Each structure stands twice: as C-alpha cells, then as structure tokens.
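**Student:** This is the structure I want to talk about, given as structure tokens.
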Amino acid sequence: MKRYQYLLKKIAWSFFTILFVLVLNFLLFRVLPGDPARAGVRDPRMKQEAIEAIRIRFGLDKPVINCFESLNPIKVGSCTINPLDTQFFIYVRNLLQGDMGISFHSNRPVADILSERLWNTVLLIGSGQILAIMLGVAFGIIAAWKARTVIDYAALLSSLLAWSLPTFWLGIILLFWGSGHGLPIGGKATPGTSSLPFLQQWADIARHMLLPTLTYTIVYMGEYMLIMRSSLLDVLAEDYILTAKAKGLSTFQILKDHALKNAMLPLVTVIAINLGFTVAGALQIEAVFSWPGLGGAIYEAVVRRDFPILQGAFLLIAVSVIIANLIADLTYSYLDPRVQSD
Amino acid sequence: MSVQITEFKPTVPSSPLLDFWRVFSRNRMALVGLVMLAAIFVGAVFASQLAPYDVSTSENITINDIYNPPSAAHWLGTDDAGKDVLSNFFFGARVSLIVGFFAAFISVVIGGVMGIVAGFYGGRVENLLMRFTDIMLVIPDLPLMVVIVALTKPSLLNIIFVIGLLGWTTTSRIVRSQTLAVKSRKFVLRARAIGAGNGHIIRHHILPLVMPLLVVNDILVISLAILDESTLSFLGLGDPTALSWGQMLNFAFGRGAMSAGAWWALVVPGFGIVWVVLSLTLLGHGLEQVLNPRLETHHLTPGRPVIRSEIPWRREKKKGEAPILLDVRDLSINYITEGKPPARAVEKVSFQLHEGELMGLVGESGCGKTTLMLALLRLLPAAGQIVGGGAYFTDKELTAMSEAEITDVRWKGISIIFQGAMNALNPVRTVSDQIAEAIIKHSPPIPRNHLDARVVELLDLVGIAAQHKDHYPHQYSGGMRQRAMIAMALACDPQVVIADEPTTALDVMIQAQILELLDNLRHRLGLSIIFVTHDLGVVAEMCDSVLVMYGGVTAEYGDVDTIYNAACHPYTQELLKAFPDLSNPEKRLASIPGYPPRLEALPPGCRFAPRCPAAFARCASERPALHALGEDHFASCHLVEVPS
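Here the protein sequences line up with chains A and B, keeping their order. 53 is the number of the first residue of the first sequence in our numbering; add one for each residue after it. 20 is the number of the first residue of the second sequence in our numbering; add one for each residue after it.
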C-alpha cells in the first residue's frame with residue numbers, strides 16, 4: 053500500500069515536471085528576443101509578404117496565449133479570442149499528436165528527424181554509461197578497500213583529473229590521435245555500408261563508436277569512482293560490517309554480501325541526478341564526432357539557426373531525462389527495503 | 020557532473036584564520052590547487068605584459084603565418100588567423116576566469132539565499148523552493164543554456180547570466196540541509212529565546228556556520244561555470260569579441276587545425292581549461308577534507324600485527340573445576356595515532372572464563388571493556404594493536420593465530436552480541452538471511468529446508484515468531500532486533516558468547532526481558548558468557564564472577580559474592596553505591612563525580628586517584644600493583660597492599 057503511494061507520488065511529480073518543461077519550452081521560444089520567423093530566415097532582403105507567409109505557415113500569426121481577461125470571472129465572454137486558437141493550445145495539441153513542427157533547414161517534420169536520432173543517442177549514452185559505471189564501481193571498490201594506500205591516491209588523483217577534462221576537448225584529442233591510427237573521423241557508419249551483411253554493418257558502427265564511447269567513459273568513470281569510493285568507505289565503517297567480520301566472513305564475502313548493495317544505493321541516486329550532465333556530455337561528444345544523435349541535432353540546429361529542431365530536441369532530451377530519473381527512483385525503491393515503509 | 024559535497028559539521032576554531040591556515044597548509048592537495056590557481060591568475064592579470072604579441076591587430080600577419088608550429092618566435096605556434104597561440108592563451112585566461120567567477124557568484128548567491136530561506140523558515144516556503152529546485156535539477160542544463168544563448172545575443176554578459184542563473188541547484192540543496200542542521204542547535208534556540216529577530220539570527224548565527232560550506236561549494240561551481248563557458252564557446256555560442264579558451268578551440272577545430280596537423284592550436288587552450296578546473300577541483304576537495312576531516316579507516320582496513328610477549332604462566336585447571344575456555348594473561352592494547360604517543364587503552368588485564376560461567380565485565384564507558392572484547396576476536400579497529408600478553412581459547416592461542424585460523428574461531432568458537440542492535444544488523448537484508456549466512460559459513464553444506472528449520476528454531480529460542488523471519492531489521496522493534504542479534508550469535512553453537520552491553524539502548528521492561536532470556540539460554544544451552552555492562556546491579560543476579568575495569572586496567576576481579584560483599588577497591592565500592600539496593604530502599608544513591616580519564620592523558624599514579632574518595636599522597640605518584648587478596652580475588656589499590 054505504502055509502496056503504491058510512493059510510486060504514484062513519483063509518477064505524478066514527473067508528470068508535473070514534464071508540464072513545467074512544456075511551458076518553459078513554449079515560452080523560451082516566444083518570449084526571448086528574435087522572432088523565429090525572422091531569425092530563421094535571416095536574409096534581410098526577404099520580402100514582407102514572404103515573411104508573412106512564413107509566419108502563417110508556422111502559426112506565428114495567432115495570439116500567443118489566451119488573453120488574461122478570460123480568467124477573470126466577471127469578464128467571462130468579453131474575450132474574443134478562442135482559447136483553442138492560440139499558439140500555446142496548438143503547440144500542446146500538436147505535441148500530443150506527435151507533431152513538433154517542420155525543420156527550417158530540411159523542411160522535414162521535426163518529429164521524424166529526431167526520432168531517427170534519439171536511438172543513436174541512446175546507443176551512445178547507453179554503452180558509455182554502462183562502461184563508465186562498471187569501471188567506476190570497480191575502481192571505486194578497490195580504492196575504498198585499499199584506502200590510504202598508493203593505489204587509492206592514484207585512483208583519486210586520476211579521477212579528479214578526468215573530472216577536470218572538458219568532454220569536447222578530450223574528444224578532439226582522441227579524434228586527433230585516432231585519425232592518425234586508421235579510425236574513422238566521425239559519423240556513425242561508413243557511406244555505402246548499408247548494403248553489407250548485418251554483422252559487417254555493426255562491425256563498422258562499432259568502429260565508429262569506439263572513440264565517442266571511450267571519451268564518454270573516461271569523463272564519467274572518474275565521478276562514479278569517487279562516489280563509489282566514498283559511499284563504500286561510509287558503509288565499511290558501519291557496525292554491521294563489524295558484525296559480518298565477527299561472523300567469520302571473508303573480506304570478499306563482506307564486500308559482496310554486506311557492503312556493495314548498501315554502497316550502491318547512493319550511486320543509483322547519483323546516476324539519476326547525473327543524467328542531465330550525461331546529456332551535456334553526449335551533446336559535446338556528438339558535436340565533435342559528428343555522431344547523428346540528439347546532441348548533434350542541437351549542435352547543427354544552433355549553427356543553422358533551425359529553431360524548430362532546437363525546440364523539439366530540447367523537449368525530447370528534457371522529457372527523456374525526467375523519465376529516466378523516474379526509472380532510477382523506482383529502481384531505488386525496489387533496491388532499498390526501507391523506502392516502502394517510509 | 021554534479022557537485023558532490025557532503026554536509027559537514029561546522030567547528031568553531033579558537034583563532035579561526037590562523038588555525039585554519041595551519042591545517043590547510045598541511046593538506047597537500049589544497050596547497051597544490053591554490054598554487055596552480057594563483058599561477059593562472061597572475062597569467063590572466065598580467066596578460067598584456069606577459070603576451071609576446073599584440074593579438075588585437077592583424078597587421079604584419081601574412082598567409083604564411085597560419086598554423087605555424089612552435090618555434091623560437093612563437094613558442095606555442097600560431098593559430099588559424101596566424102596569431103600567436105601563447106598570447107591568445109593569456110588573454111583567454113582572462114575571459115574564462117571572469118565568466119567562471121561572476122557566473123559562480125550569481126549561482127552561489129541565488130542558491131545560498133534559497134537554501135537559507137528554505138531551511139530557516141521551513142513549511143510552505145521550503146516546500147515551494149525545494150520543489151522548484153528539484154524541477155530545475157532534473158532539467159538538463161547544458162541544452163537549456165544552449166537554447167537560451169542561441170535565442171539571445173551571444174555576449175559575455177548574457178553567457179555569465181545564463182550560466183549563473185542555471186547553476187544554483189546544488190548549492191541550494193546543500194545550503195538548505197546545512198541550515199536545517201544548524202537551526203536546531205542550542206545557541207540558535209537560545210538566541211531565539213532571548214528575542215533575537217530572524218534577520219539577526221540568520222546574519223549572526225546561521226550564516227557564519229553555512230559560510231565554509233558555501234566557499235567550498237563556490238569553488239566547485241566556478242569550475243563548472245568555466246567548463247560550461249568553454250563548451251558554449253566551442254559550440255559556436257561564445258562572444259565573438261572575447262576570445263576565450265573555448266572560442267580558440269572552436270576556431271581551431273572548425274577551421275582545419277585537425278587536417279593541418281596543428282596539434283598546438285588544439286592542445287594549448289584545452290590545457291588551460293584543464294589546468295584551471297583541476298586547480299579548483301584540488302582546492303575544493305582539499306578544503307573539504309580540511310573542514311570536514313574524516314577517518315578513512317574502516318572495518319576492513321588490515322589490523323596491526325600482534326606483538327606477543329612471553330606469557331608468564333598459565334593457570335592450571337584445578338580438580339573439580341570446570342575446564343577453562345578462555346584464559347587471558349596480561350593482555351595490553353594500544354591505540355596508535357601517527358604523530359602522537361600511543362594511547363594505552365588496556366593494560367595487563369588477566370581473567371579466566373570456565374565452561375558454563377557467566378562473567379560480568381563492569382566499568383564506565385571508555386574504560387576499555389569493548390576494546391578488550393574485540394581484541395579477543397582480533398576485531399580491533401585499524402589503530403588498535405595488541406602490544407603484550409596473550410589470550411588462549413581452550414588450548415589454542417588466539418593472539419598467535421593467522422587470519423584464516425581466527426576466522427574459524429569467530430562465531431563458531433566465540434560469538435558477539437553487539438550493543439545497539441540497529442546498526443549491527445544489515446538494513447538491506449532480511450533477518451533470516453543474516454542468521455542463515457553464519458550457519459552456512461561455519462557448517463558443512465546443509466539442505467535449504469534444514470537451514471530454514473534451524474533459523475526458525477533459533478528465532479523461536481529468543482521468542483520471535485516464525486512469521487517475522489523474513490522481515491528487514493527496520494520492521495523490528497528495538498527489543499526484537501536485540502533478540503534477533505542474540506539468535507544470530509547462537510547460530511553456530513558457540514562455546515563462548517560475548518554480550519557487549521546488549522541492553523543499553525532499550526527501555527527498562529525490555530532490558531529485563533533480554534536479561535532473563537540470556538540467563539535462560541545460558542542454563543539451557545550450557546553457554547559461557549561474558550556480559551559487558553556499566554550496570555553493576557544487572558550483573559549481581561546472574562554472574563558467577565566479576566571483572567571491574569577502570570581506565571584500561573583491572574580495578575578488581577573476583578567471584579560475585581566477594582565483589583558484592585567484600586569489595587576492596589574504592590571504585591568498586593563507589594559503583595556499588597551508585598545502584599539501588601532493593602533490600603535497603605532508604606539508602607541514598609551516590610554517583611561518582613567526574614569522568615574516566617582520557618587515554619591520551621592518563622594520570623601518572625593510580626588512574627582512579629583523581630576521583631577516588633580514599634586517595635592519599637602515594638596514589639598520585641605511584642601506580643598500584645594488582646594484589647592477590649585471596650585465591651580468586653585481585654585488586655589494584657595501595658590500600659589493600661599487605662605490609663611486608
């Protein structure tokens with residue numbers, strides 16, 4: 053019963069956050085300077101009629117939101133604007149139908165472009181995240197177990213160094229190095245490989261993924277290591293570890309059966325909180341390696357001032373992060389028996 | 020990356036700045052960070068003087084100057100516009116540092132105010148602010164920054180504001196929890212009680228204690244802001260008029276440095292970013308260690324080797340006496356901290372435990388009781404070391420065993436019931452699981468259903484119904500947890516059970532039940548028990564013998580009748596006076612004024628002398644020996660010395 057309430061609360065909260073992002077995303081592109089139509093079509097020689105045509109096409113001629121009088125009970129009906137005919141309502145309705153507008157640049161539906169790219173980002177973040185977490189946790193365990201030894205200090209220092217590396221710069225350096233060693237210089241696949249058999253196709257993709265994933269892993273591994281280390285140090289100082297030792301369990305058994313699960317709990321939260329930063333890393337890596345993902349889409353949209361893509365990509369990223377956060381929360385509640393009775 | 024800071028307990032040093040510097044300068048990490056940061060600051064401030072070329076003009080630059088490798092004229096080569104990379108590096112430092120510091124300042128002010136207001140006022144204000152913080156924490160900030168900067172004019176000021184306005188979330192959360200912790204402190208409550216206003220309390224009581232945390236947080240926020248600025252610039256969203264390191268990388272990467280093989284144009288600006296961020300990170304982590312020192316040793320840190328000395332003699336079993344299970348001879352234990360003299364936690368303590376015997380180990384907290392017990396199973400914390408004497412379990416010497424051998428004795432030979440059973444049980448594993456684990460470890464493989472039956476039997480023994488066996492510790496009451504701990508201690512049919520203050524955290528009714536349970540189990544299972552307690556009254560009803568410890572030494576040791584009826588040591592006598600005597604309810608209770616000695620400041624003579632009502636001149640200067648008063652009665656006091 054308690055657990056259901058916890059789940060419901062979390063789900064409702066995520067829903068509310070998504071609503072907030074929806075409104076924010078809408079307002080950002082309406083309130084901030086630069087009429088999208090004019091900014092999108094930067095050519096000053098553009099005729100007024102052409103601009104008007106674009107405004108109508110993108111629905112910018114409609115009122116932004118319903119006039120505020122309609123919210124005033126005394127003046128109900130005095131507002132002539134149909135609330136269903138405002139930009140905000142149309143924006144929400146379109147979104148619900150999966151319509152995110154048309155790209156200024158390629159004239160294709162934003163939803164189509166982004167849905168192709170979402171999976172590439174998921175592929176990159178997924179493999180990078182798995183590697184970073186596995187290695188980070190492993191090194192964190194070793195560092196905590198060997199606390200205050202040379203091994204520990206070396207691990208600590210190298211993770212602080214990894215923390216300090218700008219992701220995009222590390223990507224550039226690896227790319228520079230890799231291009232001299234026969235690795236592809238960008239993209240997801242070598243042109244012309246789409247007709248190859250499945251296995252060869254994926255071997256090609258894996259070659260392209262090598263450096264982006266490596267960049268990702270190096271940058272995020274350090275932090276997971278630091279958190280695992282400090283979390284494990286806390287746990288190993290707990291009374292129940294002494295109990296386990298008094299029971300005659302070996303060091304390995306104590307680490308495996310008593311320390312790890314408790315020490316992993318804070319890590320789950322951190323992974324969740326970090327998802328936003330993770331996306332930041334993916335954005336930079338995709339920009340450097342021309343990886344056709346959401347981050348790459350944002351980078352290209354910025355360069356081309358393609359606002360519908362920018363708006364759509366931001367919304368998609370934000371919503372994905374919120375949902376991933378929710379999943380992390382639910383995982384936590386599953387892992388920690390204490391949550392259910394709180 | 021998120022800024023990870025653990026909340027710290029503020030301390031108020033006597034001479035704050037000086038004390039702080041003393042500790043700070045000893046932290047190598049923080050010092051290196053500070054020096055690195057100072058170096059780059061000098062570079063940024065004196066950029067105009069240090070830069071070998073004027074980078075504001077393109078005069079005298081020809082097509083041949085583009086991407087020239089490092090040379091005597093251009094130490095770090097030239098960039099895509101033919102300009103000197105070293106000169107650009109110094110000016111770029113200015114931009115990066117300015118953005119980093121100003122943006123972080125905005126973030127920390129917003130986060131600090133929100134955190135303090137939320138923590139201090141609580142209620143609906145807190146709820147609202149923290150909910151907002153939660154939302155902002157979830158929204159990925161780099162994409163949001165990109166969107167906002169792309170929609171506004173990319174100027175330095177805009178970038179500073181965007182980074183500043185989006186970077187406060189972690190600060191707000193950390194400051195709030197610190198404010199909450201500080202708010203309920205005594206001096207804040209006192210200030211409120213004498214009518215101080217909220218503004219006054221925040222300014223004079225909360226802020227000083229939140230400040231150190233804010234400074235550490237600020238340092239990490241600066242490094243994040245510098246990383247954000249360089250990323251935005253790299254993505255082409257930097258101020259075109261201010262060449263930051265990120266901007267340099269954007270130009271080099273976008274304008275063919277890769278294909279031209281101009282590694283210097285790519286490496287140098289990146290090196291600058293890494294240098295600054297690393298210096299800030301080192302400084303931040305170092306400062307955190309200084310402000311919030313934590314012991315980085317734990318229960319798996321390898322212990323110190325045992326220093327054995329010749330055991331003077333082992334007591335032979337007398338005729339008609341039960342066999343001796345534990346024989347502890349002159350055992351001494353030190354706590355060793357680097358740079359300090361060793362703390363003598365236990366000195367030359369001896370006792371024997373016979374089969375079926377229940378020994379009470381009595382003394383105030385800090386008298387070395389738990390240390391002595393942990394030493395028997397070689398479970399001392401990393402700083403603890405056995406420095407003399409020895410201990411035998413049956414005919415095996417505990418103090419000479421290898422790690423593998425002692426592992427076999429643990430729980431199967433000697434088991435421990437720890438005090439405060441909440442933390443002694445693992446919160447994320449079920450009780451039955453934790454009991455079964457001990458059985459699996461120490462017995463030959465047994466089928467699952469036998470194991471279950473044994474767990475149920477053990478729980479039944481301590482009065483826990485089988486239906487509760489698969490619950491987690493937090494679902495148990497305090498008394499139940501202590502019972503579960505007892506069941507666990509009995510799981511491997513140990514010969515000796517050490518009960519280390521098993522009733523301390525429980526209320527009186529439950530205490531009585533637990534004591535009765537232990538006494539019952541002892542008779543039913545023929546256990547030998549060492550019962551550690553500070554409550555002499557408890558032991559009276561159950562014990563066969565009593566060992567009274569004070570300040571790490573044996574005060575008095577004898578059988579229970581002797582201790583109660585003919586106590587010789589003034590400490591034992593005082594302890595007896597401190598507990599109610601049911602046969603004489605009119606008697607006044609007396610407590611012993613003062614506290615046991617601190618181990619690092621032991622008195623030169625008798626350790627009890629400063630509190631002893633019977634102390635005389637000799638007690639302050641000369642340590643009393645342990646005198647034998649009868650066959651099984653010992654006391655260390657000058658008063659009982661038999662004149663020779």
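The beta-carbon is built from N, C-alpha and C at its ideal position, and this holds for glycine as well. Quick caveat: nothing in here was measured; it's all calculated off a predicted structure.
#1: So the alpha helix (DSSP H) F220 (chain A) belongs to, where does it begin and stop?
#2: Taking Cβ positions only, does T30 (chain B) come closer than 8 Å to chain A?
#3: If we define contact as Cβ-Cβ less than 8 Å, is P629 (chain B) a contact residue for chain A?
#4: List the residues of chain B whose Cβ lies closer than 7 Å to the Cβ of Y292 (chain A), in chain order.
#5: Between which residues of its own chain and A64 (chain A) is the CB-CB distance below 8 Å, once the five residues before and five after are set aside?
#6: Just the chain B side, please: which residues come within less than 8 Å of S302 (chain A) by C-beta, in chain order?
#7: Residues of chain A with CB under 7 Å from K488 (chain B), in chain order?
#8: Within 8 Å of any Cβ in chain A, is that where the Cβ of L391 (chain B) sits?
#9: Kindly say whether F253 (chain B), judged by its beta-carbon, lies nearer than 8 Å to any beta-carbon of chain A.
#10: Using CA coordinates, which residue listed in B:R502, B:R41 and B:R467 is at the minimum distance from Q532 (chain B)?
#11: From the DSSP output, which residues share a beta bridge with Q371 (chain B)?
#12: List the residues of chain B that T69 (chain A) touches, going by C-beta distances under 9 Å, in chain order.
#13: Under 8 Å between beta-carbons, which chain A residues line up against K431 (chain B)? List them in chain order, please.
#14: Per DSSP, what kind of secondary structure is E476 (chain B) in: helix, strand or coil?
#15: By the 10 Å Cβ neighbour count, where 16 or more other Cβ atoms means buried, how is E340 (chain B) classified, buried or exposed?
#16: Determine contact between the region 275-292 of chain B and the region 189-196 of chain B, defined as no fewer than three beta-carbon pairs at a distance below 8 Å.
#17: Using alpha carbons as the reference points, say which of B:V450, B:V229, B:A586 and B:P623 lies closest to F653 (chain B).
#18: Which residues does DSSP list as the beta-bridge partners of Y411 (chain B)?
#19: Which runs of the alpha helix (DSSP H) fall wholly inside the region 317-362 of chain A and span at least 4 residues, in chain order?
#20: Starting from S547 (chain B), trace the beta strand (DSSP E) both ways and give me its first and last residue.
#21: Kindly indicate which residue of B:V368, B:Y86 and B:H461 has the alpha-carbon position closest to the one of A510 (chain B).
#22: Please report whether the beta-carbon of G358 (chain B) lies at a distance below 8 Å from any beta-carbon of chain A.
#23: Looking only at its chain, what residues have a beta carbon closer than 6 Å to the beta carbon of D247 (chain B), apart from the 5 residues adjacent to it on each side?
#24: Find the residues of chain B that neighbour P218 (chain A), judging by a C-beta separation of less than 7 Å, and give them in chain order.
#25: Taking the straight line between their C-alpha atoms, what separation do you get for S372 (chain A) and V320 (chain A)?
#26: According to a CB-to-CB cut-off of less than 8 Å, which residues of the region 380-391 of chain A neighbour chain B?
#27: So which residues on chain C does W94 (chain B) lean against when the C-beta distance must stay under 7 Å?
#28: Based on Cα-Cα distance, which residue from B:G571, B:P612, B:I582 and B:A472 lies nearest to C625 (chain B)?
#29: What are the uninterrupted segments assigned as alpha helix (DSSP H) that are 4 or more residues long and contained completely in the region 224-274 of chain A, given in chain order?
#30: With 8 Å as the threshold, decide whether the Cβ of H469 (chain B) is near any Cβ in chain A.
#31: Along chain B, in chain order, which residues have C-beta atoms closer than 7 Å to that of K62 (chain A)?
#32: Name the chain B residues whose beta carbon is nearer than 9 Å to that of N314 (chain A)?
#33: Anything in chain B within Cβ reach of I225 (chain A), meaning under 9 Å, just list it in chain order.
#34: Sort out for me which residues DSSP pairs H646 (chain B) with in a bridge.
#35: Using DSSP with H/G/I as helix, E/B as strand and the rest coil, what is Q592 (chain B)?
#36: With three or more beta-carbon pairs closer than 8 Å as the criterion, would you say the region 251-268 of chain B touches the region 107-115 of chain B?
**Tutor:** Judging by the given coordinates:
#1: What you label residue 220 (chain A) is simply residue 168 of the first sequence in a count that begins at 1. Start and end: T219 to S231.
#2: In the second sequence, the residue the question calls residue 30 (chain B) occupies position 11. Its pLDDT being 48, under 50, T30 (chain B) is placed unreliably in this model, and the value from its coordinates should be taken loosely. Taking CB atoms only, T30 (chain B) has no neighbour in chain A less than 8 Å away.
#3: Position 610 of the second sequence, counted from the start, is the residue given in the question as residue 629 (chain B). Under the Cβ criterion of 8 Å, P629 (chain B) is not counted among the residues facing chain A.
#4: Here the question's residue 292 (chain A) lines up with position 240 in the first sequence. Those within 7 Å of Y292 (chain A) in chain B are N442, A443, L444 and N445.
#5: The sequence position of residue 64 (chain A) within the first sequence is 12, counting from 1. Within the same chain, A64 (chain A) has no close Cβ partners at all.
#6: One-based indexing of the first sequence puts residue 302 (chain A) at position 250. By Cβ distance, chain B contributes T426.
#7: If you number the second sequence from 1, residue 488 (chain B) lands on position 469. Under the 7 Å cutoff, chain A gives no residues; its nearest Cβ is about 15 Å from K488 (chain B).
#8: Numbered from 1 along the second sequence, position 372 holds the residue referred to as residue 391 (chain B). The beta-carbon of L391 (chain B) is placed no less than 8 Å from the nearest beta-carbon of chain A.
#9: The residue given as residue 253 (chain B) occupies position 234 in the second sequence. Output row for F253 (chain B): interface = yes.
#10: The count along the second sequence starts at 1 and reaches residue 532 (chain B) at position 513. For Q532 (chain B), the nearest C-alpha among the options comes from B:R502.
#11: Taking the first residue of the second sequence as 1, we reach residue 371 (chain B) at position 352. According to DSSP, residue pairing for Q371 (chain B) in a beta bridge involves B:D346.
#12: Locating residue 69 (chain A) in the first sequence gives position 17, counting from the first residue. Per Cβ cutoff of 9 Å: D153, I154, V157 and I158.
#13: For the purposes of this step, residue 431 (chain B) is taken as the residue at position 412 of the second sequence. The answer, in chain order, is G300.
#14: Start at 1 with the first residue of the second sequence, and residue 476 (chain B) comes out as number 457. Note: E476 (chain B) maps to helix in three-state DSSP.
#15: Within the second sequence, the letter at position 321 stands for residue 340 (chain B). Classification of E340 (chain B): exposed, given that the 10 Å Cβ count is below 16.
#16: The region 275-292 of chain B vs the region 189-196 of chain B: no contact.
#17: In the second sequence, residue 653 (chain B) corresponds to position 634, counting from 1. For the set B:V450, B:V229, B:A586 and B:P623, the Cα lying nearest the Cα of F653 (chain B) is the one of B:A586.
#18: Taking the second sequence and counting its residues from 1, the one referred to as residue 411 (chain B) is at position 392. In DSSP, Y411 (chain B) forms a bridge with B:D346 and B:E416.
#19: The qualifying runs are 346-356.
#20: What you label residue 547 (chain B) is simply residue 528 of the second sequence in a count that begins at 1. That run of the beta strand (DSSP E) goes S547 to T552.
#21: Reading the second sequence from its first residue, position 491 is the one you call residue 510 (chain B). Nearest C-alpha to A510 (chain B): B:H461.
#22: Position 339 of the second sequence, counting from 1, holds the residue named residue 358 (chain B). Not one chain A Cβ lies under 8 Å of G358 (chain B).
#23: Counting from 1 along the second sequence, the entry for residue 247 (chain B) is found at position 228. Counting only residues of its own chain and dropping the five nearest sequence neighbours on each side, D247 (chain B) has a CB closer than 6 Å to the CB of I182.
#24: Stepping through the first sequence from its first residue, residue 218 (chain A) is reached at position 166. Neighbourhood of P218 (chain A) in chain B, by CB distance below 7 Å: L246, S249, T250, G289 and I292, in chain order.
#25: To locate residue 372 (chain A), count along the first sequence from 1; it is residue 320. To locate residue 320 (chain A), count along the first sequence from 1; it is residue 268. One C-alpha to the other measures close to 17 Å.
#26: Those would be L387, D388, P389 and R390, in chain order.
#27: No chain C is present in this structure, whose protein chains are A and B.
#28: Against the second sequence, residue 625 (chain B) aligns to sequence position 606. The candidate whose alpha carbon is nearest that of C625 (chain B) is B:G571.
#29: Positions of the alpha helix (DSSP H) runs, each at least 4 residues long and wholly inside the region 224-274 of chain A, cannot be given because no such run exists.
#30: Here residue 469 (chain B) refers to the residue found at position 450 when the second sequence is read from its first residue. Not an interface residue.
#31: As a position in the first sequence, residue 62 (chain A) is number 10, starting the count at 1. In chain order: nothing, as chain B lies at least about 11 Å away.
#32: In the first sequence, counting from the first residue as 1, residue 314 (chain A) sits at position 262. Within chain B, the residues near N314 (chain A) are N445, P446 and V447.
#33: By 1-based counting over the first sequence, the position of residue 225 (chain A) is 173. What I225 (chain A) touches in chain B: W282, L285, V286 and G289.
#34: Here residue 646 (chain B) corresponds to residue number 627 of the second sequence, with the count starting at 1. Partner residues in the beta bridge of H646 (chain B), as assigned by DSSP, are B:A654.
#35: Sequence index remark: in the second sequence, residue 592 (chain B) carries index 573 (1-based). It is helical.
#36: Output reads yes: the region 107-115 of chain B touches the region 251-268 of chain B.
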